[in-house]
Each structure stands twice: as structure tokens, then as C-alpha cells.
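Peer 1: Protein sequence lines, in the order shown, are assigned to chains A and B. First residue of the first sequence? That's 559 in my numbering, and the numbers climb one at a time after it. First residue of the second sequence? That's 559 in my numbering, and the numbers climb one at a time after it. Ideal placement from N, C-alpha and C gives every residue a C-beta, glycine not left out. All figures in this text were calculated on a predicted structure; none of them were measured in a lab.
Number of protein chains: 2
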Amino acid sequence: MKHEARISDSFWNRYRKLVKNEMIPYQWDVLNDKADISIERERDDASIPNEKSHAMENFRIAAKRAKGEHYGWVFQDSDVYKWLEAVSYSLCYEWDDDLKKTADEVFDLIKDAQEEDGYLNTYFSIMEPDRKYRRLGESHELYCAGHFIEAATAYHQATGSPDALAIATKLADHICQTFGEREGQIKGVDGHEEIEIGLMRLYHLTGKKEYMDTASFFLMERGKDPGFFIRQLREDNKDALLEGVYRFPLKYFQMHRPVLEQDTAEGHAVRLVYMSTALADLAATTGDERLADTCRKIWRNIVDKRMYITGGIGSTVTGEAFTLDYDLPNDTMYCETCASIGLMFFARQMLRIEAVAEYADVMERALYNTVISGMALDGRHFFYVNPLEAVPQKSANDPGKSHVKTVRPQWLGCACCPPNLARLIASLDRYIYTVRNDEILVNLFIRSEFKYEDDDKNITVIQNCDYPKDPKISFDIENNNDASVKLKIRIPSWTDKYTGSIDGTKTDIATENGYWCIDVTKGKHTIGLELEIIPKRWYSNPKVSENTGKVAIGRGPFIYCAESVDNGEDLHLLGLSPNSFLDHKWQEDLLEGVGTIEAEGIRLVKDGAKELYLTDRPQRSSQKIRLIPYYAWANRGENEMRVWINEI
Amino acid sequence: MKHEARISDSFWNRYRKLVKNEMIPYQWDVLNDKADISIERERDDASIPNEKSHAMENFRIAAKRAKGEHYGWVFQDSDVYKWLEAVSYSLCYEWDDDLKKTADEVFDLIKDAQEEDGYLNTYFSIMEPDRKYRRLGESHELYCAGHFIEAATAYHQATGSPDALAIATKLADHICQTFGEREGQIKGVDGHEEIEIGLMRLYHLTGKKEYMDTASFFLMERGKDPGFFIRQLREDNKDALLEGVYRFPLKYFQMHRPVLEQDTAEGHAVRLVYMSTALADLAATTGDERLADTCRKIWRNIVDKRMYITGGIGSTVTGEAFTLDYDLPNDTMYCETCASIGLMFFARQMLRIEAVAEYADVMERALYNTVISGMALDGRHFFYVNPLEAVPQKSANDPGKSHVKTVRPQWLGCACCPPNLARLIASLDRYIYTVRNDEILVNLFIRSEFKYEDDDKNITVIQNCDYPKDPKISFDIENNNDASVKLKIRIPSWTDKYTGSIDGTKTDIATENGYWCIDVTKGKHTIGLELEIIPKRWYSNPKVSENTGKVAIGRGPFIYCAESVDNGEDLHLLGLSPNSFLDHKWQEDLLEGVGTIEAEGIRLVKDGAKELYLTDRPQRSSQKIRLIPYYAWANRGENEMRVWINEI
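Below you can see the structure in the form of C-alpha cells.
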């Protein structure tokens, strides 16, 4: 079974060219400490290393091609792996001999850094070879291994390189041998899930069942032995590898109970979605309903109770974590870029389990808002944290908001997000369609050509659209087989008005789990879909205390925000009239092309009153409020931003 | 000059009896580890010692009457000193031979714990005698000394005990000798201001100028040498005495610039107000206008920009500190009980500088709200942090709110607040009136008898009131001198309607800096004042982003709040109608007697909607909203509370 999509979308091609032409060379320079940049700590914490990346140099030292000490986090290697993964995907849509050569050289270096038995981690190889796997709660050894395996798998698929795959299987074999339930194996897991994703991918590529079994072992072992990390800590009895990790509760690592008994999204948000991604992959691959049920419960908890309207997750900086149901503060949250990327991973795997459009709705929400707000339009500045409300002076002076940056740094002490963005955008073609049994799901409206070939399949779907600028979408389909195929087109949950046509004839659209299902018979067909894409007011479920009396504006997949560059300072003084017209205008010259929304509103008058507390209600003046898509904020200098606007 | 007030007020006598009959014996048991209680950490920080108090045992060990190690904070001694100070004041209004005997024994023990040269601190005497004064940023040695001097001064004034005073002067002489600008002296300050207050009090009692000079040295030296603490740290080069203190910026210690150049309230809130108290005392005592001006600037910044409507200060848990102007979050703030007590200290000294009623207004705001909310009505449970909005589930599950407790603990790991409350309430008679030059200021409306005797003065003021229950206040004055005396009665800023009478004749009230000034001639006079004390709506200055669209209700000095025990859960769903009648009723049986306020309002309907984000505005149902005075919250089981209510 082979299927692939080629993107020709105006909105996304800009991003994908940015990855190829800007992000990949820029990040290569950063990883080699050749970029003239300043690295910022992602929050006010002096333990965050920010002098340099040193990530490539660590490999050179581990490979004995250079001398020196390891610098950076214990998981510094993963920056290189995610970069390699992004390179792999970029080669699929734009081949580049030089880039291929560079990547080959990096894999060759990694090969030299890999130890005889397959072990791979520059920190431990260089600095503490005797402490391998002795502090799994902090060490990120398996986390890094997972990222390497993902990169090598992607590279092999892109280039056919046997060398990358050889390192990956050697590493995976070593891990499968070292971890498990057999005598002499380590019966424990990594503090940060990721190896599970990597092993599943390697299984899908090679068909070697041991990889899936070990992924399954890591997933099922998690939370079964909650004392594992602390026992390792006591036995090791040396300095911490990561300051403070053991102060967090077991939930931080999803170690508070066995995975199949977890029914809420707890702890470090990225870890939770990475775990869920692997679990959903395993469920889809094996058909195990117990696993699928656990995934559904965690998903429901996120989507119904713990997700920001921007698709951000993680309500607190402490442990970069979930907190409790309906706790969604707008100005102290975390909403890490990587967490929303991970939410897309999770959604993508859920779509393999079942054709439920909500998964794609959430994928789209994350993608069009928090994921791409994680980078500047220039591809060279990155947010770790994506607030829904930011005031520069508060970020500068309130220590509880030191993580809420209002200018995207050039690089971050913990640089997980920039290469994660690169690999996500470069692989976006894999999110548009899902093939399952005899169905093709259309999840995202991105101009593209999709080919699906199999023993008994030969189908092409050409998706034409300029979404969400233009409400019209059409699909030119060619089914070259006698058997019909089911095309399921997502009807986005943010609209309830849409019309469809099949081969020029208007047709009623009945949806099944949010999809419009069409049996496509042999031959050529054209399917038309027109969605009502207009600015809309969104309200929070009343249980969200932070948003009472507030409204957010959305148009299609985009959530909008106000910036002070358009609306003046003190955005909390703005009030949107509940019935005013929301005027959408396309602005080709603004922010690489965005639709703005303007509406009549008010501004509370702040001047005059000297006293802090007054018996007079504040006065109001009228003001036109101008909104831009959330993802594009902070691209016009440092300024205030707010998604949830007071409604008057 | 001698003046004293005796309180006969129904509201405050209950509290003062609580101090004498409950708090003093209870706290004595706690300090001796004889109370069967559990000690809670004031926030989620494993470094906070909470196994026991051990405070008295530390003295026994230091005095060589027992063996063992020091336990608790480096400033554990101060718990005992504040308890002694509370005892001293209580003896002034209710003599108790047994209590006097106990206190004498404690002073005798402290005498034995004091070192030959006058040094006094159990931690360093027992554990690290070689590290004395080597880590002043953390050590609290002078902080504890200041508290001891305050206690001994109060005890001497209450009992005439020469022994307590002897220890204090020996300690003070040792400090005056050790610290200063002369060769061989330490040119540095303590990380936590307090010694300055103690030395000023000792100066007022003894007249020994050296004490004032050294207080002045400590004040003027602060911030002149910002590197002092770090230099000491490097020279000492040993483990921290208090984890994490040096991670805070210099502002934390008010060390960021010389005191006379400080014009905003920065850093740890308690430290800032303790510093300001001593500075204002010095200014009032010396008449130095430069000092007074600095005090006024800091005061203005607090009152105009950094104070909660409850008189709470300190907007963040990180460093228990101020943040920036108009940054007043209601659910993550600190608002430490001790900080509001310190704000009262500061206000009291400012009244010595100048007769400006605002100082007394703020003193009253702090006293009737955050100060007494710091303890339960039973006198045996205490808040460290006084939120304006609290939800038990959020405090339990959001690590950013671990400090926002919703049930007052029996005792705290850092137990600064409970004995601070005891000494404040026991000395409340000293806050009602201020004598300055030929003026008597009436700052607080507390039923009391005030006598002022001097060479040429013999004045009695009997204040009759049942404030704020009853709006009528009268003063029976007897001036036994030929010269008239100026009585200045505060007209509270929370009302603009009031009527006055002098000797039965109605009179216009003209105010001067907020005081109604009356020349009281020889003989007996009766002055009547009736204040309009009705429920009022209060709004924040629009610059406070957290309170846009919200209203707080006050009546007289009390700010009100809603609790879920009266209004159902999810107080954020309540909306107060802007024009509804605020119905005040006295409830003798409720919460030891409170006035409740009821008003028509609404409740957003939260049930039904499963989705997090909706296009429908939430429905409303009508609901009567019931409010109680803020200080009395959390006395009817664990429940939600909210001061700033959404206005609809």
C-alpha cells in the first residue's frame, strides 16, 4: 500500500519553502554554533544552558573526531535528530543533492558516535558512561533514541539510505535487548515518552515485530511500578541530570497509574501527547480496543475540558503541565508549541483508529493557531510558549510570567520547538489524508494531489482550494478500479452551513461522524464543497472561569486576536459589542497576507482617575477593534496581544 | 509625655480576649511542641520545615539546659519573640500573674542563650558559631534581634522588668559595636529589615542616641553596596542557610538602589513595609524631610498602584513580592497577613510625620480586611496568604496556586503570621489615636477611653461607638488645661456623607487632609459624628486589567465577598446587576455577628453544554447573591470565595 500527497497550496507552500530555504540552513548553523544569534532561556531559570547549542560538537566529541566536554541538556542530541527528520521530509518535496550530502555526513558522524553495542547518546558516552540507563526519569536516553529512529526511518523513506536505517536498527535492537520483562532486562521506562513512537515507526517500516512488542512493553509498563524512578535515583545516588525533575509528582511522567487506567490528561503536556500518539498507533495497528478506549478517554478529557481555543494545551509552567478540568488561564498558561504539534500526532493516529472528524477538527485547530504561532513569519524566531494574553511589562516584571515571552527568541535554551516545527511543516502532506480500509479521509483543506496505489487500488484525488480565504473547495477524482472507493470529506465543526455537488449536481450533505461520505465509482468525478466561512463569535463553556463575559472571534480554522499595534495599549480596556458586524477583509500586504476582522466596540477610559478604587463605573468611548489571525501575532514588534476580548 | 487608650469595643474586645485566652496559650503550646496539631507548608516547597516548631527547645539547647540540634528556619527564634511581645501587650489590658511568670522564665532562658558578647541567635550559637554574620542576606540574625528588642521593649513598658531590657541593650550594644562605618565594623545590612524598627523603639525607650544612629546606618547603607550579599556568599562558600534566596533579584531585599533613591515598592512585601516603617519612624523622630519624602513616594506607589482593595500587598508568590504597577491578580497573589500588618506599622509612623487621613484610611482598610482574615474566628487557624478569589480544586491541582489555601492551617512551616497577628491585635490601642505636637488624631473608630497627660496636658477622650454596625460616633472630651487642644477626627474616604455636632449643635464639617479639626477648649465637650455607612459598589481603576467588568461591594471599612456556601459553586458564574439594591442586614448569630449584603443578580447556566467552545452566548438565570465581610470567609468549611464579582 502506497499513498502520498503533494502540496501545491499557496498558504502552506510558503511555510514549506521557509522550512527548506530558511529553517533548515539556519538551524544547521545554530546546531554547529555558527549562527550569530543569542539563545534565550525559555523561562527565568538559571539552570537552563544558553551559551551555545553545541549539539553537533557533542557528536564530534562522542565520535572521537574532536575533543572536549558535552554541553547542553542530556537531550541535546534530539535537536540534531529532529533537524535530520525535517531534512528527510523536505527532500521528498524538494530534492537537494547538497543537503542530502550534508545529512549523509551527519548520519556517518552519528554512526561513529554510536557505541559497539548499539547504545547512542552523546552525553553519557562522553561524560558518564557508567551511568547509562541508571536515571531513566531524567536521562532522556530513550527519548533521544526515539527521535533518532524517527529521523532515520524518515531518511530511509526519503532517500533509501541503508546506513541511517542500519544505525537505527542497531540502536533499536540494543534497546529491545536491554529493556523488557525477561531476566536481566531493565523493567522500566523513560521519563519522557518518544521511544514508543520511534519503535512503532521502525516496525511499520521493517515489519520486525520485536520493535512493536518493545514499544508495547514501554507503554504497558508505564505507571505499573510508580517507585521505579525513585529507586533508580537512590541506587544511583549522584547529582541530578536535570535539576528539579524529581520534585514533580508522578503524574508529570504519566507514572501515577498504569496507562490503561489513565482517563484524564495529566502531567507534562508533551509527554502525555507523545505517549498517547504511540498508544493510538499501537491500537490502530493491533486493533486492540482496550488501547483505543484509553486513547478515546484521554482525548475526550483534553478536547472537552483541557484545551485552549487555539489548540494549545498545558495550563501551567510548573512542569509544563495540565492542571485540572476547565482550568484555562490565558496569561500564565504554557501552551508549548511542541505540545500542540504532539496533539496533531495524536489526532493523526486516532484517525487511523476511526473516521471521526473531530480528530481532524482538533488537528486543524492546533495547526492553524498554536503550532504556527510557534514561529515568526521569517522562520527564524520561535515561541516555546503561546499565550492567549500577553503584556510585555507583565512578562518583564511579574516572575510568574517570565515564560510568557512577547518577542520570539532566535533560539531557546531548550530548543525542542524549532526543529519540531520544521519536521511538522515539512511532513504536513501526511496529515491531509488518511487511508483506512477502503476509505480515504480528507482531513485538511490544503491544495494538493493525492495518489493511492495498491494491489487493487489506483486512485488520484486532486484537491483544489485556496482555503480558508476562499470558501469553495473541489476535488477531481480519478478511480481507475472497478470497485468503488469511499471518499470521506470532513465538514468542519466550526460551520453549520455548507453545500455540496457531485459531478455538477447539487446534493444534500449527510454527515457520518462529521464526514461527508461519497462512494466514488470507477472513472473521473468532480466533487464540490462550499463552506460558509465567516467571522464568528465564540464563547467558552461557562465552566471556564477565566473567560466569563469574554468573546473570541474565529473565521474558519483561524482564531483571531487583538494586538496593541492595531488597537492601542491596554487591550483589557477594549469591549466588543455583542451584535456589531464583524467585517472581514483580505489584506494581501499585511503579514504575508491575512484576513483582518474589524468591529465596532468600546474602550474604557483609563485616564483621569488617580485612585485605585472608585465608586464611579469607568467611562467608555467608542473604538473600532481590529483583529488579526492569532498565528501572525508578534510579527510587528513587541506589543500586547489578547484572544479573549471583553464583551460589553 | 504619656498617652494611652483602653479599648472597650464589642468587635475588638472579642479579638483581644481571643488573643489573651486562646492565641497566647495555644501558641505557647505550639512553640513548646505540646499542641496536637499538624503544621502545613505555606506552599508546595519541600524545603519548608514542618515537622515541629521546636522554637522553645532551640533556646533550651542554646542555653545549655537541653541537648540536641537546632530545628527549623534560621529565624525560628522570632516566633518566640513575637509571642513575648503579644504577651507584653496583653498584660497591659489584662494582667495575669501566671503569664507574667511564664514570660519572665522565657526571658531568663533567653538570657542564658545570649552569648557573652551580647550575640543572640539559637541557630548560629548551636549549629554554626563560626558563621555568625557571614551570610547576612539569608541569616536573619539582625531580623531576629530586632524582634527580640521589640519584645523586650514592650515587656519592659508593660511590667517594668529590668531583665528583659538588659538583654535587649546588651544585644543592641553588641550590634551597634559590630555594624557601622568605622574600621573593623561590618558595613552591611540584614537581608530582612526589622533591626531598624527594634533599634528605633529601644531609642524611644532609653533615649540612647547610638541606637537611632545604628538604625539610621542600616537604613542608609541599604542598597549602597549592592554586591555585599554576593561577596559574603562567595567568601563564606558554604551551603545555603535558606534555599534559593540568592536567586531573587536585588529588589527582593530592597538592595537595588540606595533607600533614598527608592520611589516604588519593590521586592518582598513584608521587608519593604518593615523598611518603610523604620524609615518613617526615623523621619518623624528627626524631622528629616529627605527621609519623609522617600516614605511618601513609596507610600504613594503602594496605595495608588500596588494595593489590593482588601489592603493586601504583594502580587506574586515568587519572592512574596510586589511586581509592577496595576498588576493585581486576584487568584495568584500573595497578600501575606504579615505584609498587611506591616502596612499598618508603616501607616502608623506616617501619621507621626503628618496628619493626613489617608494613612489612617489605609490602616483601617488593612486591619478590617486582610489582617483579620489572616486568622479564623477561633484564633487557632491562620492564613499566610489572603486571596481575593479562591477555588479549592484549583488550589489543590494547579501548582501555581499551591500557596492559595482555602482552609486556614493550624500552624505554618514559616510561622511568622500567627504571632504577628497576636501582637498586632494586642497592641491595637496604639493605633486608634496619634498624638503629634498639640494635636490628637482620631484614626480609628474603636470604642475606647484615651488619656493624654503631659506637663501641660491633661485630656481625656471617651469615644463611644459601635462601629461600623452603627453610623453614630460620639466623643466625650475633658480638657483640664487652659490651653485648647486640637482634636482631628478622620472622615473616612469611603463616605462623602457625614454630619457633625459640637456640644449638641449641628455644625458643618470642613476637612483638612481628611480630618475634621476641632479646637477643644477647657472643660467638658461632646462631639457627635454620623457617617453614612451603606453598602457601596467599588470599581478598580481601569488600569487594573484583572478587574475589568467586575465590582466589589464594601460597607464602611469592610470589603465583602461571596462564598459558595451561600451562593452555590462556581462563583465566576454570578453576575451582580449594576443597579440592584444592596440590602444590608445585621446577623447576630452568623460568624460571631456580621452584616450580610444581599442583592439581585444572575447566574450563568453552566449545565447542558458539553463542548468547550460554543457559538451560543451562555444563558442566564436570576439569583440572589449574598455577601459577607471578607475577613470572615473560610469559617464555614472549605469553599470557594470571590471578592470581585462580575457585573452584568
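Below 8 Å, can you find three or more Cβ-Cβ pairs linking the stretch 593-600 of chain B to the stretch 653-660 of chain B?
Peer 2: With a cut-off of 8 Å, the stretch 653-660 of chain B and the stretch 593-600 of chain B do not count as touching, because too few Cβ pairs lie within range.
Peer 1: Going by CA-CA distance only, name the one from B:879, B:861, B:993 that's closest to residue 910 (chain B).
Peer 2: B:993
Peer 1: Hey, which unbroken runs of the alpha helix (DSSP H) at 4 residues or more fall wholly within the stretch 673-706 of chain A?
Peer 2: 680-684, 694-697
Peer 1: Name, in chain order, the residues that DSSP records as bridge partners for residue 1160 (chain B).
Peer 2: B:1133, B:1180
Peer 1: Which residues in the same chain as residue 636 (chain B) place their Cβ atom closer than 6 Å to its Cβ, once the five residues preceding and following it in sequence are excluded?
Peer 2: 702, 705
Peer 1: Note down the Cα distance separating residue 1083 (chain B) from residue 1000 (chain B), rounded to an integer number of angstroms.
Peer 2: 16 Å
Peer 1: In chain E, which residues lie with their C-beta within 8 Å of the C-beta of residue 1163 (chain A)?
Peer 2: Of the protein chains in the structure, A and B, none is chain E.
Peer 1: By Cβ distance below 7 Å, which residues in the same chain neighbour residue 1095 (chain B) in space, the five residues on each side in sequence not counted?
Peer 2: Contacts found: 1109, 1111.
Peer 1: Using a Cβ-Cβ distance cut-off of 9 Å, determine whether residue 1167 (chain B) contacts chain A.
Peer 2: yes
Peer 1: The beta strand (DSSP E) with residue 825 (chain A) in it runs from where to where?
Peer 2: Here residue 825 (chain A) belongs to no beta strand (DSSP E), and DSSP marks it neither H nor E.
Peer 1: Under 6 Å Cβ to Cβ from residue 1133 (chain B), same chain only, skipping five residues before and after it: list those, please.
Peer 2: 1159, 1160, 1204, 1206
Peer 1: How would you list, in chain order, the residues of chain B whose beta-carbon sits under 7 Å from the beta-carbon of residue 948 (chain A)?
Peer 2: By Cβ distance, chain B contributes nothing, its closest Cβ being about 12 Å from residue 948 (chain A), past 7 Å.
Peer 1: Cα-Cα, which of B:1163, B:1141, B:787, B:906 is closest to residue 1126 (chain B)?
Peer 2: With distances taken between Cα atoms, residue 1126 (chain B) lies closest to B:1163.
Peer 1: If we require 4 or more residues per run, which alpha helix (DSSP H) segments fall completely within the stretch 947-1020 of chain A?
Peer 2: 950-955, 975-984, 987-990
Peer 1: Where does residue 856 (chain B) land, buried or exposed, given buried means 16+ other C-beta within 10 angstroms?
Peer 2: buried
Peer 1: Residues in its own chain within less than 7 Å of residue 1131 (chain A) by CB, not counting five upstream and five downstream?
Peer 2: 1161, 1162, 1164
Peer 1: Spatial neighbours of residue 960 (chain B) within its chain, please: C-beta separation below 6 Å, excluding the five flanking residues on both sides.
Peer 2: Taken in chain order, the residues that qualify are 601, 602.
Peer 1: Please name the residues in the stretch 965-979 of chain B whose beta-carbon is closer than 8 Å to at least one beta-carbon of chain A, in chain order.
Peer 2: none
Peer 1: How do the stretch 1184-1201 of chain A and the stretch 891-908 of chain B stand: do at least 3 beta-carbon pairs fall below 8 Å, yes or no?
Peer 2: no
Peer 1: So with CB distances below 7 Å, who are the chain A contacts of residue 874 (chain B)?
Peer 2: 956, 957, 958
Peer 1: Run through chain A and tell me which residues come within less than 8 Å of residue 890 (chain B), C-beta to C-beta.
Peer 2: 890, 958
Peer 1: For the alpha helix (DSSP H) containing residue 1146 (chain A), list its first residue and its last residue.
Peer 2: Unbroken run through residue 1146 (chain A): none, as it is neither H nor E.
Peer 1: How long is the line joining the alpha carbons of residue 1028 (chain A) and residue 641 (chain A), rounded to whole angstroms?
Peer 2: Their backbone Cα atoms lie some 34 Å apart in a straight line.
Peer 1: For residue 865 (chain B), return the contacting residues in chain A, with the cut-off set at a CB-CB distance below 8 Å.
Peer 2: Within 8 Å Cβ-Cβ: 1170.
Peer 1: Would you say residue 1096 (chain A) faces chain B, with C-beta separation under 9 Å as the test?
Peer 2: yes
Peer 1: Just reading off the alpha helix (DSSP H) that residue 720 (chain A) is part of, what are its end residues?
Peer 2: 720-736
Peer 1: Can you tell me where the beta strand (DSSP E) holding residue 579 (chain B) begins and where it ends?
Peer 2: Neither: residue 579 (chain B) is in no beta strand (DSSP E) and is coded neither H nor E.
Peer 1: Would residue 772 (chain B) pass as an interface residue toward chain A - the criterion being a Cβ-Cβ separation below 9 Å?
Peer 2: No - not a single Cβ of chain A is within 9 Å of the one on residue 772 (chain B).
Peer 1: Does any CB atom of chain B fall closer than 9 Å to the CB of residue 1204 (chain A)?
Peer 2: Residue 1204 (chain A) counts as touching chain B.
Peer 1: To the nearest angstrom, how far is the alpha carbon of residue 1141 (chain A) from that of residue 1181 (chain A)?
Peer 2: 14 Å
Peer 1: Rounded to a whole number of angstroms, what is the C-alpha to C-alpha distance between residue 963 (chain B) and residue 945 (chain B)?
Peer 2: Approximately 8 Å, taken between the alpha carbons.
Peer 1: List the residues of chain A that residue 1176 (chain B) touches, going by C-beta distances under 9 Å, in chain order.
Peer 2: 1097, 1098, 1099, 1100, 1106
Peer 1: Please look up how many angstroms separate the CB atoms of residue 1101 (chain A) and residue 866 (chain A), rounded, as I've assumed it's under 8 Å.
Peer 2: Rounded, the Cβ-Cβ distance is 14 Å, inconsistent with contact.
Peer 1: Tell me, please, whether the CB atom of residue 1124 (chain B) is closer than 9 Å to any CB atom in chain A?
Peer 2: no
Peer 1: Taking residue 1131 (chain B) as the query, report the chain A residues whose CB atoms sit under 9 Å from its CB, ordered along the chain.
Peer 2: 1100, 1101, 1103, 1106
Peer 1: Name the DSSP bridge partner or partners of residue 1095 (chain A)?
Peer 2: A:1111
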